[in-house]
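**Student:** Please find one structure pasted underneath; my questions will follow.
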Amino acid sequence: MNPIGLPLRLNDKNDIHNHYLPMIKGGGLFVPTPHKLDFNMTVLVDVELVSEKQRAKVPGRVVWITPEKAQRGLPRGVGVQFTSEHQGRIQQFFEGLIGDALLQPPQRPPY
Numbered sequence: 002m003n004p005i006g007l008p009l010r011l012n013d014k015n016d017i018h019n020h021y022l023p024m025i026k027g028g029g030l031f032v033p034t035p036h037k038l039d040f041n042m043t044v045l046v047d048v049e050l051v052s053e054k055q056r057a058k059v060p061g062r063v064v065w066i067t068p069e070k071a072q073r074g075l076p077r078g079v080g081v082q083f084t085s086e087h088q089g090r091i092q093q094f095f096e097g098l099i100g101d102a103l104l105q106p107p108q109r110p111p112y
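This note's numbering numbers the first residue of the sequence shown as 2 and each following residue consecutively.
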């Protein structure tokens, strides 16, 4: 079965920090989505990094789900753990973009 494609547009480094999930082993991203996905589903996140003028297709698997009408008005979406043989490089890339801000909690986490 082919992975489900999920778009994720991140406008700047704050957006990247807000969506990055350092608590997931190997790193991950929170991806808002109206799709109803299941745990362990294979996905391919089409990440657009606007401030960096870059796009990447990042393979992963669903490791958590924020349902519709979640507490605190959080958006529906999924936590995606990076997978593939490039997992370490993908994690380093995102953590490099966030830099020292990674030591602080995100300003507006959507999760």
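Virtual Cβ for every residue (Gly too), placed ideally from N, Cα, C.
By how many angstroms is the C-alpha of Gly74 removed from the C-alpha of Ser85?
**Tutor:** Looking up residue 85 in the sequence shown gives position 84. Looking up residue 74 in the sequence shown gives position 73. For Ser85 and Gly74, the distance between alpha carbons rounds to 33 Å.
**Student:** Leaving aside the five residues before and after Leu98 along the sequence, list all residues of the same chain whose C-beta is less than 8 Å from its C-beta, in chain order.
**Tutor:** Within the sequence shown, numbered from 1, the residue matching residue 98 stands at position 97. The residues are Lys14, Ile17, Leu50, Glu53.
**Student:** Check Gln93 in the structure and name its three-state DSSP category.
**Tutor:** For the purposes of this step, residue 93 is taken as the residue at position 92 of the sequence shown. Three-state result, Gln93: helix.
**Student:** For Gly61, which three-state DSSP category applies?
**Tutor:** In the sequence shown, counting from the first residue as 1, residue 61 sits at position 60. DSSP places Gly61 in strand when its eight states are reduced to three.
**Student:** Here's the rule: buried if 16 or more other CB atoms are within 10 angstroms of the residue's CB, otherwise exposed. What is Pro93?
**Tutor:** Taking the sequence shown and counting its residues from 1, one reaches residue 93 at position 92. Checking the sequence, you will find Gln at residue 93 rather than Pro. Its Cβ having fewer than 16 others within 10 Å, Gln93 is exposed.
**Student:** With Val48 and Arg62 assumed to form a contact (beta carbons below 8 Å), what rounded beta-carbon distance in angstroms separates them?
**Tutor:** Within the sequence shown, residue 48 is the residue found at index 47, counting from 1. Within the sequence shown, residue 62 is the residue found at index 61, counting from 1. 16 Å between Cβ atoms; not a contact.
**Student:** In this structure, does DSSP put Arg56 in helix, strand or coil?
**Tutor:** Your numbering for residue 56 matches position 55 in the sequence shown. Residue state, collapsed to three classes: strand.
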